[in-house]
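Numbering (UniProt numbering), first residue to last: 1 to 75.
We treat Cβ as the ideally placed atom computed from N, Cα and C, and that holds for glycine.
Computed from a predicted structure; not experimentally measured.
Some notes on the structure that comes next.
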């Protein structure tokens, strides 16, 4: 399952900066666990795991991310 940048995370913005990851690449995560953050010029929002599994991080902190872009994959 992909973790993507969705409109509800960033309001009216169309892009954001990848904030920090609170888990390491390859870690096992649980559904609902806070795994990181995303930042815009107006807000910082938590990223929550949509499913349980092993996470593969696709973006580094500070990377510019566009709407609907994949941030991580959980398998």
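- Of the residues assessed, residue 54 falls on the exposed side of the cut-off, its CB having fewer than 16 other CB atoms within 10 angstroms.
- Of all C-beta pairs linking the stretch 4 to 11 to the stretch 20 to 29, fewer than three are shorter than 8 Å, placing the two stretches out of contact.
- Counting along the chain, the unbroken alpha helix (DSSP H) around residue 9 starts and ends at 7 to 10.
- Straight through space, the alpha carbons of residue 43 and residue 73 are spaced by roughly 24 Å.
- Apart from sequence neighbours up to five positions away, the residues of its chain that approach residue 14 with a beta-carbon distance below 8 Å are 66 and 67, ordered along the chain.
- When C-alpha distances from residue 64 are compared across 47, 38, 75 and 25, the shortest belongs to 38.
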